[in-house]
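In full-length UniProt numbering, the protein residues as written are 1 to 145.
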């Protein structure tokens, strides 16, 4: 069971929300506690789940939180005999679906990653596989279901 936050805990969280790099001593001056008392409170806030993890975000900050999806359409040189592309794509954790298609398409990969750079790296790996003739990548703009 989470403890109810007091005003000092709320002020510590507010200060860390503004600047997560604040030193314990700087926070202590703002909340009228000792540096050690602030450290102990922050440790408790972490244990209680009010502070969950510390994250580094590379690139441009975004207001959208969560994974992005893309479809990578893969065309193989010999679609009937080359299963290495399917095996390699299936081994990538970001590939959440690998569908071998009939008709004009060969393989459709559904990729889910935290940023476009990661999807670009996956595309690079897929397009460099032996037997891949061509690829087309489309980012999902919205999803209704």
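C-beta: ideal position from N, C-alpha, C; glycine also.
Cα-Cα separation between residue i and residue j, rounded to whole angstroms
i           : j           : result
residue 107 : residue 51  : 42 Å
residue 85  : residue 25  : 55 Å
residue 144 : residue 18  : 35 Å
residue 10  : residue 141 : 37 Å
residue 63  : residue 46  : With a pLDDT of only 46 at residue 63, under the threshold of 50, the placement of this residue in the model should not be trusted, and no figure is reported.
residue 87  : residue 129 : 11 Å
residue 91  : residue 118 : 15 Å
residue 100 : residue 133 : 15 Å
residue 127 : residue 67  : 22 Å
residue 4   : residue 41  : 13 Å
residue 97  : residue 79  : 18 Å
residue 12  : residue 114 : 29 Å
residue 131 : residue 14  : 54 Å
residue 116 : residue 94  : 12 Å
residue 139 : residue 43  : 40 Å
residue 39  : residue 136 : 51 Å
residue 149 : residue 8   : Lying outside 1 to 145, the shown extent of the chain, residue 149 is not represented and no answer is given.
residue 49  : residue 89  : 36 Å
residue 30  : residue 22  : 11 Å
residue 28  : residue 37  : 8 Å
Where residue i falls: helix, strand or coil (DSSP)
i           : result
residue 91  : coil
residue 70  : strand
residue 116 : helix
residue 63  : Interpretation of residue 63 is limited by its pLDDT of 46, a score under 50 that renders its predicted location unreliable; no figure is taken from the coordinates.
Range covered by the beta strand (DSSP E) that runs through residue i
i           : result
residue 81  : Where residue 81 is concerned, there is no enclosing beta strand (DSSP E), given that its DSSP letter is neither H nor E.
residue 113 : 107–113
N- and C-terminal bounds of the alpha helix (DSSP H) containing residue i
i           : result
residue 142 : Element bounds for residue 142: n/a, residue is neither H nor E.
Quick one: which unbroken alpha helix (DSSP H) runs of 4-plus residues sit fully inside the UniProt domain "HTH asnC-type" (5–57)? Chain order, please.
-> 7–18, 24–31, 35–47
Do the stretch 109–126 and the stretch 67–80 meet, that is, are 3 or more Cβ pairs less than 8 Å apart?
-> yes
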